[in-house]
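In numbering that gives the first Met the number 0, the protein residues as written are 0 to 482. Note that CB positions come from ideal geometry on N, CA and C, so glycine has one too. Here the structure is laid out as structure tokens; the discussion comes afterwards.
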Amino acid sequence: MTSKRKRAMGGANWSLFVLLLIALFIIINYLSFRHFKTYDTTFSDEFSLSPQTKKFLKELKNDVEVYVLLPIGDVGYEKVSRLLDSFKVESKRIKVEYVDPERDKGRYEILLKKYQVTNPDSVVFVSGDRSRWVERDEFLEYEYSMFGEPPKMKGFKGENSFLNAMYDVVDPRKPVIYFTVGHGEKFDFDESGKGASFFKERLSKEGAVIKTLQTAGLKKVPDDASLVIVAGLNIPFTKEEEGVLERYYEEGGSLFLLIDPMFKEGNEIEFKDSGLEDLCKKYGLELQNDLVVDPEASLLEGRAQTFYGVDYSSHKITYDLMKNKYPILFTLARSLNIVDPQSSDFKCEKLISTSEKAWGETNLKELKNVKKDNEDYAGPLCLASLIENRKNEKSRMVVIGDSDIISDGTILSGLGGNTIFALNVVHYLVKMENRISIPPKQIKSSSIVLTSTQIVTNFIVVVIIYPLIFAILGVWVYFRRRR
0 MTSKRKRAMG
10 GANWSLFVLL
20 LIALFIIINY
30 LSFRHFKTYD
40 TTFSDEFSLS
50 PQTKKFLKEL
60 KNDVEVYVLL
70 PIGDVGYEKV
80 SRLLDSFKVE
90 SKRIKVEYVD
100 PERDKGRYEI
110 LLKKYQVTNP
120 DSVVFVSGDR
130 SRWVERDEFL
140 EYEYSMFGEP
150 PKMKGFKGEN
160 SFLNAMYDVV
170 DPRKPVIYFT
180 VGHGEKFDFD
190 ESGKGASFFK
200 ERLSKEGAVI
210 KTLQTAGLKK
220 VPDDASLVIV
230 AGLNIPFTKE
240 EEGVLERYYE
250 EGGSLFLLID
260 PMFKEGNEIE
270 FKDSGLEDLC
280 KKYGLELQND
290 LVVDPEASLL
300 EGRAQTFYGV
310 DYSSHKITYD
320 LMKNKYPILF
330 TLARSLNIVD
340 PQSSDFKCEK
350 LISTSEKAWG
360 ETNLKELKNV
370 KKDNEDYAGP
380 LCLASLIENR
390 KNEKSRMVVI
400 GDSDIISDGT
410 ILSGLGGNTI
420 FALNVVHYLV
430 KMENRISIPP
440 KQIKSSSIVL
450 TSTQIVTNFI
460 VVVIIYPLIF
470 AILGVWVYFR
480 RRR
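As structure tokens, then:
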């Protein structure tokens, strides 16, 4: 075979090899595009979806269009896009369009008007004729500096916010939630921060219809009620009012009772009843007349009555809070004691408890210098409890010994997971457990500190030695093939 023919055959072989290599490259890329799996190696599982999100996306039957109205350089743009990419992996029903306010101003203005978006930096979810927009503060959590520095992104709440927005556009149900009034309950905004207007506003934004319920003279809870909330009391319920709530519960209704310790008026501080003691005790829960003190979980030194609940059950209401170690802030709370119910149809389950070093202070005369004594209730103490009705599974009740967990001041402080916990309770009680809230993913940055010697060594190895090794290998291969 002549040298010319050899060169022709060699060229043909190399051409065939290159074509096969290109074909293999295309096939591998096609398969990886159609069938791929991602892995989250971050310490906080920042890019992992929760089981409830995956379940919702896999079972999604309606198309959901998502419009991201953020500029490309926005601080939350990358995290939003990563999250939505994860959504698309789980469901082909998710369609995403990114609209930059600066580069595509016409399209951006049309979407703002069409979906009545008042906050420009938002993400809009649309399904059929229903839409819901999520503004920046709902999916980004900031940490503010006292020295005038720009705020830093502390956490990303996108998964929870986006999931609830999708629920809202694909599920037309709107629970009707009644807040009782007439007993000094928390409801509207007040300057002291003791109201519950922000919690009420959050429920409304999730699609709930909020109404008031005047229980004085009431014969029956309205038929449209999905849930009745008693948020703190100054004036006790009468026997008649208590009976109305009892009948509502036993007929398949849901109750959310937030009952603080109550005090008699006068020169000496004494406990008084809320009027709901018999209702709770019938189902196996005793409202104890005490003030919970927990020095081990105290928020402020010297104020052990303001503390974090530290022990959670594995119930779906508190599971994610327990898993992510999100504490619940309590202020001047009373403890709950699980006792035998009047009927075996009812069962109480602890949701949140104190530490073992806590106690229930029963002596109100020494509040400035509280200390544990033999008359006090010993910890750990139950702070929140779920009451199950085995005879009627539609009946649901949660009792908490503190109404401050939903107060404006507590929610605005951002301390703990109070908002998430309270929303989880509501979602469970209105039979919409799929909306159980997911705690925000904390953004953790880790830095590597190198000495000057280590920096020089790394520079020599990476910039000089490695390239030199590859250059020597290249020269060696070249001269070896020349022989």
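Check	Outcome
CB of S259 within 8 Å of CB of S402, strictly	Residue identity check: residue 259 is Asp in the sequence provided, not Ser. Yes.
Residues bridged to F329 [DSSP beta-bridge criterion]	F306
Contacting residues, own chain, Cβ-Cβ under 8 Å from E137 (five flanking each side not counted)	K156, S160
Exposed unless 16 or more other CB atoms sit within 10 angstroms - verdict on T317	buried
Cβ pair count under 8 Å reaching 3, the stretch 356-370 against the stretch 215-230	no
At least three beta-carbon pairs within less than 8 Å, the stretch 113-132 to the stretch 65-73	yes
E269 to L83 span [Cα, whole Å]	55 Å
C-alpha gap between A207 and W358, whole angstroms	37 Å
Secondary structure of Y311, DSSP reduced to three states	strand
Length of the line joining the Cα atoms of S80 and F178	38 Å
At least three beta-carbon pairs within less than 8 Å, the stretch 50-65 to the stretch 87-94	yes
Backbone CA spacing between G415 and L202 [nearest angstrom]	19 Å
Unbroken beta strand (DSSP E) run spanning T126, endpoints	This sequence places Ser at residue 126; Thr is not what is there. Looking at the DSSP string, the run of the beta strand (DSSP E) that includes S126 is 121-126.
Straight-line gap, P174 to K370 (C-alpha atoms, nearest Å)	45 Å
For Q115, the three-state DSSP class (helix, strand or coil)	coil
Supposed contact pair G283 and P221 - C-beta distance, whole angstroms, cut 8 Å	27 Å between Cβ atoms; not a contact.
A22, buried or exposed, once every other Cβ within 10 Å from all chains shown has been counted against 16	exposed
C-beta atoms of S354 and P379 nearer than 8 Å	yes
Residue of G413, D319, E184, I463 minimising C-alpha distance to G231	E184
K390 versus K430 - alpha carbon distance	17 Å
Alpha helix (DSSP H) runs wholly inside the stretch 216-272, at least 4 long, in chain order	238-249
Length of the line joining the Cα atoms of T40 and N417	With a pLDDT of 46 at T40, under the threshold of 50, the modelled position of that residue is not reliable, and no figure is offered here.
Proximity winner among T117, R333, V425, relative to E205 (alpha-carbon distances)	V425
As assigned by DSSP and simplified to three states, the class of P171	coil
Continuous beta strand (DSSP E) stretch holding S412: start and end	Not the beta strand (DSSP E): S412 falls in the alpha helix (DSSP H), residues 407-412.
Beta-carbon proximity list for S343, same chain, < 7 Å, skipping 5 on both sides	none
DSSP-derived helix/strand/coil call for Q213	strand
Sequence-distant residues of the same chain with beta carbon closer than 6 Å to T330, five excluded per side	T305, D403
Where R395 sits in the DSSP three-state scheme	strand
Exposure label - F458; buried when at least 16 CB within 10 Å	exposed
Residue burial classification, M165 (beta-carbon count within 10 angstroms, cutoff 16)	buried
Limits of the unbroken beta strand (DSSP E) element including Y66	63-68
Length of the line joining the Cα atoms of D372 and M152	46 Å
Whole-angstrom distance between I176 and G75, CA atom to CA atom	33 Å
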